[in-house]
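Visitor: First residue of the sequence shown: 1, per the UniProt record's numbering; consecutive thereafter. Built from N, CA and C at the ideal position, the CB exists for glycine as well. Predicted model, so just to flag it, every value in this text is computed and none were measured.
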Amino acid sequence: MNGKTPLVVVGDALLDRDLTGRAERLAPDAPVPVVDDCGERTRPGGAALAAYLAARDGRDVTLVAGVGDDPASHALRRLLEPWLTLIPLPLTGPLSEKTRVLAQDRPVVRLDRGAGRAREATDAAREAVRSAHAVLVSDYGRGTADALRDVLAARPPLVWDPHPRGGPPVPGTRLVTPAEKEAHGLAPQDGTPRRDLHAAAHSAAALVRHWRAAAVAVTLGARGALLSYGEHPLLVPAPAAHHGDSCGAGDRFAATAAGLLADGALVAEAVEGAVAAASGFVAAGGAAAVPSADAEPGPPPADDDPNALAARVRAAHGTVVAAGGCFDLLHAGHVGLLQAARRLGDCLVVCVNSDASVRRRKGEGRPVTPLADRVRVLRALACVDAVAVFDEDTPERLLADLRPDVWVKGGDYAAADLPEAALLQKWGGQAVLLPYLDGRSSTALMARAAEGAR
């Protein structure tokens, strides 16, 4: 046993397929891109993806979903069998397939086929739901949740991930997780203007009442999620804004929230963990980076492991940015520098001097703020994805491990003061200077504080 509570996922399974290649020209007979050298990759989709991700997390998972005898169903079974227990419901037609064509990792077109729906519940499916420790419903509107609605109503699930084609969650569901657009479409309309967070808060509160749910978390993409119990919503921001492939992020969110709730977390804690997991999922490449069925599970990536973060971003063809400094008495100049650095790429690793390194550079009495506090404050910044500490006078050894694409220093340095620049050239990286806000420095702050104390 790994200490994680088993999870039953009830919902509609899909087979997802990505055809990925390069687009460098238009077709001669129509103004459409020609995608060359396509590679093909299949993965579980819909409720099957949520179940698969939970199983890859090391959780004992049972999936109840419509799966038939068609080729797509057989392919999905092969992907799922090593990882979870499948309880199939009979389908009225072939399993739904979703095929994306991507060029340079950007979707060009999506092709859907297969309209199979779950025909009826089975005794095995009913018993699995009745005896479940925890249930996640992923309702894509293809009949599975409807077929088991009476059993689900008798024992409301922990999480219900709704979609426009599906039915409402059963009353008493602990957490419902619509996306922002879905929440606006599903909420009762009363003429309230639709404006960003105000609209999300209004929709979430209306859905709590309409669905008689304990809580609703509206997922907001790169902005995080808004959690409502009916009033005074809680905004849970994403640790960093990632604008990569978001396909599957909702399933990652729902699977993580359900697992955390099953293990005893409070709703707010589960939503916070789910936001972090979904953000990391997008940063790692989204659905296109979901591990294949034959890949051995590794340890879950630590959000505070700079090398693991850099490796994930590189694997997704992203840009790794690193910035360095002592960051003693963090001030507005530091924050502006780090925010600008984060906008240069897909993740920001801050390399910070240890206390001994600061003392050698700045003299006795420095740092004013000990390392543990400096690291904690830096990690709390939304623009910072990870913090790495180095004990040497320069971060060259650390940079050789991280191999960032961009290395950022504040504008109070000159090019001659950046010995790291030559190092970055070895792997094609670039060192850059960014300006500080005028008049902001730790030394000036300490001088003013000392003057005021006299």
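Whole angstroms are fine: how far does the CA of Glu364 sit from the CA of Val218?
Guide: Within the sequence shown, numbered from 1, the residue matching residue 218 stands at position 218. Within the sequence shown, numbered from 1, the residue matching residue 364 stands at position 364. So the two alpha carbons sit approximately 51 Å from each other.
Visitor: Among the residues of its own chain, which have a CB less than 7 Å from the CB of Val236, if the five just before and after it don't count?
Guide: Within the sequence shown, numbered from 1, the residue matching residue 236 stands at position 236. Taken in chain order, the residues that qualify are Gly224, Ala225, Leu227, Val271, Glu272 and Val275.
Visitor: Three-state secondary structure (DSSP) at Glu97?
Guide: Along the sequence shown, one-based indexing puts residue 97 at 97. Reduced to three states, the DSSP call for Glu97 is strand.
Visitor: Is there contact here, the segment 164-179 with the segment 45-53, by at least three beta-carbon pairs under 8 Å?
Guide: Flag = no, the segment 164-179 and the segment 45-53 do not touch.
Visitor: What beta strand (DSSP E) runs, 3 residues minimum, are completely inside the segment 67-135?
Guide: List check, beta strand (DSSP E) in window: 85-89, 97-103 and 106-113.
Visitor: If we count Cβ pairs, one from each stretch, closer than 8 Å, do we get three or more for the segment 310-329 versus the segment 354-371?
Guide: Flag = yes, the segment 310-329 and the segment 354-371 touch.
Visitor: Ala453: buried (16+ other C-beta within 10 angstroms of its C-beta) or exposed?
Guide: Position 453 of the sequence shown, counted from the start, is the residue given in the question as residue 453. In this predicted model, Ala453 has a pLDDT of only 47, less than 50, meaning its place in the structure is not dependable; the value taken from the coordinates is given anyway. With fewer than 16 other Cβ atoms within 10 Å, it is exposed.
Visitor: Measuring CB to CB, does Ala262 end up less than 8 Å from Ala134?
Guide: As a position in the sequence shown, residue 262 is number 262, starting the count at 1. As a position in the sequence shown, residue 134 is number 134, starting the count at 1. Against a cut-off of 8 Å, the Cβ pair of Ala134 and Ala262 comes out as a contact.
Visitor: Can you tell which of Val320, Ala265, Trp211 and Arg343 has its C-alpha closest to the C-alpha of Ala284?
Guide: The residue labelled residue 284 in the question sits at position 284 within the sequence shown. Measuring from the Cα of Ala284, the nearest candidate turns out to be Val320.
Visitor: Is it the case that the Cβ atoms of Asp12 and Arg142 are separated by a distance below 8 Å?
Guide: One-based indexing of the sequence shown puts residue 12 at position 12. One-based indexing of the sequence shown puts residue 142 at position 142. Contact flag set, yes.
Visitor: Answer yes or no: do Leu76 and Pro31 have a C-beta to C-beta separation smaller than 8 Å?
Guide: For the purposes of this step, residue 76 is taken as the residue at position 76 of the sequence shown. For the purposes of this step, residue 31 is taken as the residue at position 31 of the sequence shown. Cβ distance not < 8 Å, so Leu76 and Pro31 don't count as in contact.
Visitor: Taking Leu118 as the reference, which of Gln430, Ala380, Arg360 and Thr144 has the closest Cα?
Guide: The count along the sequence shown starts at 1 and reaches residue 118 at position 118. Position check: residue 118 holds Ala in this sequence, whereas Leu was assumed. Minimum Cα distance to Ala118 is reached at Thr144.
Visitor: If we count Cβ pairs, one from each stretch, closer than 8 Å, do we get three or more for the segment 50-62 versus the segment 24-41?
Guide: No, the segment 50-62 is not in contact with the segment 24-41.
Visitor: Between the beta-carbon of Asp391 and the beta-carbon of Asn307, is there less than 8 Å?
Guide: Locating residue 391 in the sequence shown gives position 391, where the first residue counts as 1. Locating residue 307 in the sequence shown gives position 307, where the first residue counts as 1. No, the pair does not count as a contact, with Cβ atoms beyond the cut-off.
Visitor: Thinking C-alpha only, which one of Lys181, Ala255, Pro162 and Cys247 is nearest Ala213?
Guide: Walking along the sequence shown from the start, residue 213 turns up at place 213. It is Pro162 whose Cα lies nearest to the Cα of Ala213.
Visitor: What's the C-alpha gap between Val108 and Asp355?
Guide: By 1-based counting over the sequence shown, the position of residue 108 is 108. By 1-based counting over the sequence shown, the position of residue 355 is 355. Spanning the two alpha carbons is a distance of roughly 50 Å.
Visitor: What does the alpha-carbon distance come out to for the pair Val282 and Pro291?
Guide: As a working mapping, residue 282 is identified with position 282 in the sequence shown. As a working mapping, residue 291 is identified with position 291 in the sequence shown. Near 14 Å, if we compare the C-alpha coordinates of Pro291 and Val282.
Visitor: Roughly how far, in whole angstroms, is the beta-carbon of Val101 from the beta-carbon of Leu84, given that I think they are within contact range, below 8 Å?
Guide: By one-based count along the sequence shown, residue 101 stands at place 101. By one-based count along the sequence shown, residue 84 stands at place 84. That belief does not hold up - the Cβ atoms of Val101 and Leu84 are roughly 29 Å apart, past 8 Å.
Visitor: Compare the C-alpha of Ala124 against each of Val64, Arg149, Cys351 and Cys38 and name the closest.
Guide: Numbered from its first residue, the sequence shown carries residue 124 at position 124. If we check each option's Cα against that of Ala124, Val64 comes out closest.
Visitor: Of all the options Asp196, Glu40 and Pro239, which has the alpha carbon lying nearest to the alpha carbon of Ala288?
Guide: Walking along the sequence shown from the start, residue 288 turns up at place 288. Here the closest residue by C-alpha is Glu40.
Visitor: Is it right to say Gly185 is buried, meaning 16 or more other beta carbons lie within 10 angstroms of its own, or is it exposed?
Guide: In the sequence shown, the residue the question calls residue 185 occupies position 185. Gly185 is exposed by the Cβ-count criterion.
Visitor: Taking its Cβ as the centre, do 16 or more other Cβ atoms sit within 10 Å of Ala302, making it buried, or is it exposed?
Guide: Within the sequence shown, residue 302 is the residue found at index 302, counting from 1. With a pLDDT of only 47 at Ala302, under the threshold of 50, the placement of this residue in the model should not be trusted, and no figure is reported.
Visitor: Counting along the chain, where does the beta strand (DSSP E) carrying Leu433 start and finish?
Guide: Along the sequence shown, read from residue 1 onward, the residue named residue 433 stands at position 433. Where Leu433 is concerned, the enclosing beta strand (DSSP E) stretches over Gln430 to Leu434.
Visitor: Per DSSP, what are the beta-bridge partners of Asn353 in this structure?
Guide: Within the sequence shown, numbered from 1, the residue matching residue 353 stands at position 353. Beta-bridge pairing links Asn353 to Phe390.
Visitor: Straight-line CA distance for Ala147 to Ala310?
Guide: Within the sequence shown, residue 147 is the residue found at index 147, counting from 1. Within the sequence shown, residue 310 is the residue found at index 310, counting from 1. One C-alpha to the other measures close to 45 Å.
Visitor: Leaving aside the five residues before and after Ala72 along the sequence, list all residues of the same chain whose C-beta is less than 7 Å from its C-beta, in chain order.
Guide: Sequence index remark: in the sequence shown, residue 72 carries index 72 (1-based). Correct list, in chain order: Leu15, Pro94, Leu95, Glu97 and Gly114.
Visitor: Going straight from the alpha carbon of Thr5 to that of Leu197, what length do you get?
Guide: Working through the sequence shown from its first residue, we reach residue 5 at position 5. Working through the sequence shown from its first residue, we reach residue 197 at position 197. Their backbone Cα atoms lie some 34 Å apart in a straight line.
Visitor: What number of angstroms, rounded off, separates the C-alpha of Leu19 from the C-alpha of His334?
Guide: One-based indexing of the sequence shown puts residue 19 at position 19. One-based indexing of the sequence shown puts residue 334 at position 334. In a straight line, the C-alpha of Leu19 is about 43 Å away from that of His334.
Visitor: So what's Pro370 in DSSP terms, helix, strand or just coil?
Guide: Taking the first residue of the sequence shown as position 1, residue 370 is located at position 370. Correct three-state label for Pro370: coil.
Visitor: Buried or exposed: where does Arg209 fall if 16 or more other Cβ atoms within 10 Å of its Cβ makes it buried?
Guide: The sequence position of residue 209 within the sequence shown is 209, counting from 1. Exposed.
Visitor: Using the rule of at least 16 other Cβ atoms within 10 Å of the residue's Cβ for burial, across every protein chain shown, is Gly428 buried or exposed?
Guide: Position 428 of the sequence shown holds residue 428. With fewer than 16 other Cβ atoms within 10 Å, it is exposed.
Visitor: Considering Cα atoms alone, identify which of Ser279, Gly325, Gly410 and Val384 is closest to Leu337.
Guide: Locating residue 337 in the sequence shown gives position 337, counting from the first residue. Looking at the Cα atoms, Gly410 is the closest of the given residues.
Visitor: Run through DSSP, which three-state label would Trp211 get?
Guide: Here the question's residue 211 lines up with position 211 in the sequence shown. DSSP places Trp211 in helix when its eight states are reduced to three.
Visitor: When we look at the beta-carbon of His202 and count the other beta-carbons within 10 Å, is it buried (16 or more) or exposed?
Guide: Numbered from its first residue, the sequence shown carries residue 202 at position 202. Result: buried.
Visitor: What three-state label does DSSP hand Pro301 in the structure shown?
Guide: Here the question's residue 301 lines up with position 301 in the sequence shown. In this predicted model, Pro301 has a pLDDT of only 46, less than 50, meaning its place in the structure is not dependable enough to derive any value.
Visitor: For Ala380, is the classification buried or exposed, using 16 other Cβ atoms within 10 angstroms of its Cβ as the cut-off for buried?
Guide: Here residue 380 refers to the residue found at position 380 when the sequence shown is read from its first residue. Burial call: exposed.
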